[in-house]
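Residue numbers (my numbering), protein chains in the order written: chain A, 1 to 340; chain B, 1001 to 1340.
We put the beta carbon where it would ideally sit given N, CA and C, even for glycine.
Inspection log for the structure reproduced underneath, given as structure tokens.
Protein chains: 2
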Amino acid sequence: MDTKPTAGFPSPALFLDSASAYRRSAALRAALELDVFTALGDGPLDAAALAARCGAAPRGMRILCDALAALGILQKAEGRYLLTMEASIFLNRTSPACMADGFLFLSSPHIQNAFRDLTSAVRRGGTSQTASDVLAPEHEFWLDFARAMAPMMAFPAESIAQLLGAERGDRWNVLDIAAGHGIFGIAVGRQNQNATITAVDWPGVLDIARTNAEAAGLAGRYRTLPGSAFDVEFGTGYDVVLLTNFLHHFDPATNEGLLRRVHAALAPQGRVATLEFVPNEDRLSPEFAAMFALNMLVHTPAGDAYTFTELERMFRNSGFGASEWHPLPPGPQGVVITSK
Amino acid sequence: MDTKPTAGFPSPALFLDSASAYRRSAALRAALELDVFTALGDGPLDAAALAARCGAAPRGMRILCDALAALGILQKAEGRYLLTMEASIFLNRTSPACMADGFLFLSSPHIQNAFRDLTSAVRRGGTSQTASDVLAPEHEFWLDFARAMAPMMAFPAESIAQLLGAERGDRWNVLDIAAGHGIFGIAVGRQNQNATITAVDWPGVLDIARTNAEAAGLAGRYRTLPGSAFDVEFGTGYDVVLLTNFLHHFDPATNEGLLRRVHAALAPQGRVATLEFVPNEDRLSPEFAAMFALNMLVHTPAGDAYTFTELERMFRNSGFGASEWHPLPPGPQGVVITSK
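Okay, here's the thing in structure tokens:
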């Protein structure tokens, strides 16, 4: 059913489409698991040839690829399937911008399972016991996250470094809180050869960040500080603090406790760059930000997708000065830059 | 992230949206389970009032309803949520056209679980053992199906009866194969007071069909014939055979075996009405038909969404005459009417 309503005729199409939307995630995930997009990187193939390349059955491959083409994820011409420009950039594993692991992570059973609990999460107003473990120290989830999501974060990471003026080359001490894959601190360190990065996270995750930093040539300017962002001694005198995809996991009071610690760690002219899914004040757009709040509902006791007004208030309540909002199109996120 | 690409800028938005599309199914399902749409039937409510009505937490309800409003499933104005026209017709349980149980069925764990096996279904070219049990006799799935899907089939059922000319009131013997909820035969029987309906299905399902037929006032003209459509003795002299949502479960050879039995059961001027998800010849549109083929891949050994050409060929190979195609907009299905 097309989701476009027939003019003047009430249609259940949107609901039918929504009830069955999980099929889209399943189709993309199956194609990534079978590495269909890399197999098509050498040129168009019909279902039988593609099935042979991917170790699948022709009937299965034909039905899967027709579904992908119906969704616009592939193209089909004269009975053969071919990559769209976007698929060749973001889904083909030979592409440097490939985000295949990120899409596999976002559709992973671990995350989808938490959404099976959505009704009870709405009833209780937060995660169930079984889903909340993602906030536990050293949870394996964050190792997977750090490995999978780095390519998807490359664009926002470069954008944040630019917005901060990293290319001016000022002598910076940078604190990267909950560094994960480390990509945000690494982008600042690459754009500013005079920046030293201190990355805070759990030890297992910091191993991944350090590996990425060394691959980027930052070994001599990269320091790791293992522990919880809420407990570890940050030190003082930081020019820049990176606070990326972190505040959404916690309630405002918890965030303000952290922000007061961040305030104390900053040099007088220091700034904080906060990357978040930030809905508009009506909380309905961008759609991805509104939907992301569901993730926080099923995965955390009290996290949220905060509006700019709410983020600004948390900073002000923690002793900070002005905050500025910078959307990062075409992505779903934006960055708030706050002065001490 | 909006799925509209930024002009000239390659964007992974479609893939991000697809990877996370299961959230839409989860959001609609949670709202149906909490009966949010019926609670809003009396007028707009804010999150706290709606949470109190539905036995949920205000935070959970606010995040859920913002997501639904972002998806266009609800509206939001001045901090209160309200029904769209479509939601008031199709999701509110006080509406006679409510399809809530159908959407709950389509997003049920049973069906979603089968899609978790999609990668292996593509590899093997058909269902895994665990998912194939829906074709087993008397599977509980079909009782759930018969109870949940009747309201969603009301519109196609009335349309098919009209297309067949039921209102002319000719003395008809009607055979309803795999009758399920019975709604297709019942629609013919309601439009044609001179029609007698014979419904074939498993005994448990026929109990549901008979209950529906009696509620529609057809008790004296409704006969049930328990058993498999492939084995049971249909009898002869039928003027109309209804073959709705059945052929897609099987391969063409199996269908032709059935169609030869149908041919033998028909009177000389008899006709068959076949309701199906019928993709265009390129198999890419309508989108819902292309996606429905995935259901047949994960649930059956060799079923499919057949094109009109394929359906016409199966009928011709089974001894039938001409077939005509009638789409049933705005729904995703259409009906093929075939003469003996």
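Please confirm if the stretch 15 to 31 of chain A is in contact with the stretch 63 to 75 of chain A, defined as three or more CB-CB distances below 8 Å between the two stretches.
-> yes
In three-state DSSP terms, what is A:Tyr-81?
-> strand
Return no unless some Cβ of chain A is closer than 8 Å to the Cβ of B:Ser-1011.
-> yes
Using the Cα positions of B:Glu-1287 and A:Ala-70, report the straight-line distance between them to the nearest angstrom.
-> 5 Å
Does B:Tyr-1306 have its Cβ less than 8 Å from a Cβ in chain A?
-> no
If you draw a straight line from the alpha carbon of A:Ala-39 to that of B:Leu-1014, how long is it in whole angstroms?
-> 20 Å
Would B:Pro-1277 pass as a contact of B:Ala-1289 if the rule is Cβ separation under 8 Å?
-> One point to set straight first is that residue 1277 of chain B is Phe, not Pro, in the sequence displayed. Contact: yes.
Could you run through the stretch 19 to 39 of chain A and flag, in chain order, every residue whose CB is less than 8 Å away from some CB of chain B?
-> Ala-19, Ser-20, Ala-21, Tyr-22, Arg-23, Arg-24, Ser-25, Ala-26, Ala-27, Leu-28, Arg-29, Ala-30, Glu-33, Leu-34
Selection from A:Ser-11, A:Asp-176, A:Ser-20 that minimises the alpha carbon distance to A:Val-272 | A:Asp-176
Residues sharing a beta bridge with B:Leu-1050, DSSP = Answer is none; B:Leu-1050 lacks a bridge partner.
Nearest-angstrom Cβ-Cβ length linking A:Gly-270 and A:Val-240, presumed shorter than 8 Å | 7 Å
If you run the structure through DSSP and keep just helix, strand and coil, what is B:Ala-1195?
-> strand
CB contact flag (B:Ala-1341, B:Phe-1246, <8 Å) | Residue 1341 of chain B lies beyond the range of chain B shown here (1001 to 1340); nothing can be said about it.
Closer than 7 Å: B:Ala-1056 CB and nearest the ligand GDP heavy atom = The ligand content of the structure shown is nil, which means the ligand GDP is not present either.
Rounded separation between B:Pro-1226 and B:Glu-1281 - CA only | 36 Å
Taking B:Leu-1242 and B:Val-1174 to be in contact with their CB atoms under 8 Å, please state how far apart those CB atoms are, rounded to whole angstroms.
-> 7 Å
CB of B:Arg-1124 within 8 Å of CB of A:Ala-57, strictly | yes
Give the DSSP-derived three-state secondary structure of B:Gly-1334 in the structure shown.
-> strand
Contacts that A:Glu-86 makes with chain B (C-beta to C-beta distance below 9 Å) | Pro-1005, Pro-1010, Ser-1011, Pro-1012, Ala-1013, Leu-1014, Phe-1015
With DSSP run on the structure shown, which of helix, strand or coil describes A:Ala-70?
-> helix
Can you find a C-beta in chain B that's less than 8 Å from the C-beta of A:Glu-287?
-> yes
Shorter than 8 Å from the beta carbon of B:Met-1153 to some beta carbon of chain A?
-> no
Run the CB neighbour count on A:Asn-255, radius 10 Å, all protein chains shown included, and call it buried at 16 or more, exposed below.
-> buried
In the DSSP assignment, find the beta strand (DSSP E) that holds A:Leu-225 and state where it starts and stops.
-> 222 to 226
Return helix, strand or coil for B:His-1326, following the three-state DSSP convention.
-> strand
Closer than 8 Å, CB to CB, is A:Leu-106 near chain B or not?
-> yes
Quick one: using the 10 Å Cβ neighbour count with 16 as the cut-off for buried, is B:Ser-1323 buried or exposed?
-> buried
Output the distance between the C-alpha atoms of A:Trp-325 and A:Arg-223, rounded to the nearest integer angstrom.
-> 29 Å
Are the CB atoms of A:Leu-294 and B:Arg-1059 nearer to each other than 8 Å?
-> no
For A:Asn-173, which beta-bridge partners are listed by DSSP?
-> A:Thr-196
Can we say the stretch 177 to 196 of chain A touches the stretch 206 to 220 of chain A, given the rule of at least three CB pairs closer than 8 Å?
-> yes
Environment of A:Ala-264 [buried if 16+ CB atoms lie within 10 Å] = exposed
If we call anything under 8 Å between Cβ atoms a contact, is B:Ala-998 one with A:Ser-108?
-> Outside the shown range of chain B (1001 to 1340) lies residue 998 of chain B, about which nothing can therefore be said.
Would you call the stretch 142 to 158 of chain A and the stretch 88 to 101 of chain A in contact, with 3 or more CB pairs under 8 Å?
-> yes
Beta carbon of A:Ala-166, beta carbon of A:Ala-195: below 8 Å?
-> yes
Is B:Thr-1006 buried or exposed, if buried means 16 or more other CB atoms sit within 10 Å of its CB?
-> Bear in mind that a pLDDT of 48 at B:Thr-1006, under 50, signals an unreliable position, so the number given afterwards is only what the model happens to contain. Per the 10 Å Cβ criterion, exposed.
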